[in-house]
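Enquirer:
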Amino acid sequence: MPLRIDVLTLFPRMLDGFLAESILGKGIAKQLLEVEVRDIRDWCTDKHRAADDRPFGGGAGMVMKPEPAIAAIEAVQTPGCRRIYLTPDGTPFSDSMAREFATESHLVFLSGHYEGIDQRIRDSVIDQEVSIGDYVLTNGTLPAAVIIDALARFIPGVLGDEKSLTHESFTGKLLDFPQYTRPAEFRGMSVPDVLTQGNHGEIEKWRTAQCVEKTRHVRPDLFKKYRHESDHQ
Numbered sequence: 075m076p077l078r079i080d081v082l083t084l085f086p087r088m089l090d091g092f093l094a095e096s097i098l099g100k101g102i103a104k105q106l107l108e109v110e111v112r113d114i115r116d117w118c119t120d121k122h123r124a125a126d127d128r129p130f131g132g133g134a135g136m137v138m139k140p141e142p143a144i145a146a147i148e149a150v151q152t153p154g155c156r157r158i159y160l161t162p163d164g165t166p167f168s169d170s171m172a173r174e175f176a177t178e179s180h181l182v183f184l185s186g187h188y189e190g191i192d193q194r195i196r197d198s199v200i201d202q203e204v205s206i207g208d209y210v211l212t213n214g215t216l217p218a219a220v221i222i223d224a225l226a227r228f229i230p231g232v233l234g235d236e237k238s239l240t241h242e243s244f245t246g247k248l249l250d251f252p253q254y255t256r257p258a259e260f261r262g263m264s265v266p267d268v269l270t271q272g273n274h275g276e277i278e279k280w281r282t283a284q285c286v287e288k289t290r291h292v293r294p295d296l297f298k299k300y301r302h303e304s305d306h307q
């Protein structure tokens, strides 16, 4: 059975083009995963289809109401599914988390918005809270797209070349090396000689050195972790 993903959001049309394009769209077309985007307002019971209201205690913005959100989750959930709320105060998303999500049979993503959701939703129907970074968006629909795209890469058959997984940033604890293609020279900028001479051993050494240096410069936190793990192997 393909991985089933349900995205519960107030802005379902945001994902229309995303799910139809590129590698992810091909994976869905090949039935390697199944993604359903559902409008939380479909579970509202008032004539105005109001899914949010003002916060108790005062404050700016609106808060998602518990009734439609909980009803939506209960309508789509299955035994053993993982129910995930996308929020800036969640656990940071990572490559290892994407790999783990890809092994699940059913994921339910709840997309919050504006000032967040009623705490009773989090307390009663959420298994995990995930953040894609230390910044705030207007809603969690784009984070859902980011996570779906990342986890889809780990589903067998979605990527055209499975070997590309082993050469990407974060998979091997280091950032990726620079890539070049034809032409060998463009506007006075040349491809490094080592890449054009066919010595695969030297190419691997060059790429490793580039990965290490880039990680040291751009992500010193990852470089420190890499050095620590290398010293204890």
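Per our numbering, residue 75 is the first one in the sequence shown, and the count goes up by one each step. Virtual Cβ for every residue (Gly too), placed ideally from N, Cα, C. Bear in mind the structure is a predicted one, so any value in this text is a computation, not a measurement.
(1) What's the C-alpha gap between Ile222 and Gly101?
(2) How far does the beta strand (DSSP E) with Ile158 in it reach, from first residue to last?
(3) In whole angstroms, what is the alpha-carbon distance linking His187 and Asn273?
(4) Find the nearest neighbour of His302 within the set Gly190, Glu108, Asp113, Lys247, judged by alpha-carbon distance.
(5) Within the same chain, show all residues whose beta-carbon is closer than 6 Å to that of Lys288, passing over the 5 residues directly before and after it, in chain order.
(6) Grab the span of the beta strand (DSSP E) containing Val109 for me, first residue to last.
(7) Taking the DSSP output, what are the residues bridged to Glu178?
(8) List the residues that DSSP assigns as beta-bridge partners of Asp127.
(9) At the level of alpha carbons, what is the spacing between Gly234 and Ile97?
(10) Count the other CB atoms within 10 Å of the CB of Ser185; is the residue buried (16 or more) or exposed (fewer)?
(11) I'd like the list of long-range same chain contacts for Ile147, defined as Cβ closer than 7 Å, with 5 residues on each side in sequence excluded.
(12) Using DSSP bridges, identify the partner residues of Ser198.
(13) So for Phe92, helix, strand or coil by DSSP?
(14) Between Leu77 and the rest of its own chain, which residues show a CB-CB distance below 6 Å, the 5 nearest in sequence each way excluded?
(15) Given the structure, does Ile158 come close to the ligand HEM, in the sense that its CB is under 6 Å from one of the ligand's heavy atoms?
Expert: According to the data block:
(1) Walking along the sequence shown from the start, residue 222 turns up at place 148. Walking along the sequence shown from the start, residue 101 turns up at place 27. So the alpha carbons of these two residues sit roughly 11 Å apart.
(2) Within the sequence shown, the letter at position 84 stands for residue 158. Here the beta strand (DSSP E) through Ile158 covers 156–166.
(3) As a working note, residue 187 is residue 113 in the sequence shown. As a working note, residue 273 is residue 199 in the sequence shown. Cα-Cα distance, rounded: 53 Å.
(4) Here residue 302 refers to the residue found at position 228 when the sequence shown is read from its first residue. It is Lys247 whose Cα lies nearest to the Cα of His302.
(5) Taking the first residue of the sequence shown as 1, we reach residue 288 at position 214. Once the five neighbours on either side are set aside, the close Cβ partners of Lys288 are Leu249.
(6) For the purposes of this step, residue 109 is identified with residue 35 of the sequence shown, where counting begins at 1. Element bounds for Val109: 107–113.
(7) Taking the sequence shown and counting its residues from 1, the one referred to as residue 178 is at position 104. For Glu178, which the question treats as bridged, DSSP gives no partner whatsoever.
(8) Indexing the sequence shown from 1 puts residue 127 at position 53. In DSSP, Asp127 forms a bridge with Val137.
(9) Numbered from 1 along the sequence shown, position 160 holds the residue referred to as residue 234. Numbered from 1 along the sequence shown, position 23 holds the residue referred to as residue 97. The straight-line gap from Cα to Cα measures roughly 8 Å.
(10) On the sequence shown, residue 185 is found 111 positions in, with the first residue counted as 1. Ser185 comes out buried.
(11) Sequence index remark: in the sequence shown, residue 147 carries index 73 (1-based). Closer than 7 Å at the Cβ level, and outside the excluded window around Ile147, lie Leu82, Arg157, Val182, Leu184, Val199.
(12) For the purposes of this step, residue 198 is identified with residue 124 of the sequence shown, where counting begins at 1. For Ser198, which the question treats as bridged, DSSP gives no partner whatsoever.
(13) For the purposes of this step, residue 92 is taken as the residue at position 18 of the sequence shown. In this structure, Phe92 counts as helix in the three-state DSSP scheme.
(14) Stepping through the sequence shown from its first residue, residue 77 is reached at position 3. Taken in chain order, the residues that qualify are Leu107.
(15) Among the ligands in the structure shown, none appear at all, so the ligand HEM cannot be discussed.
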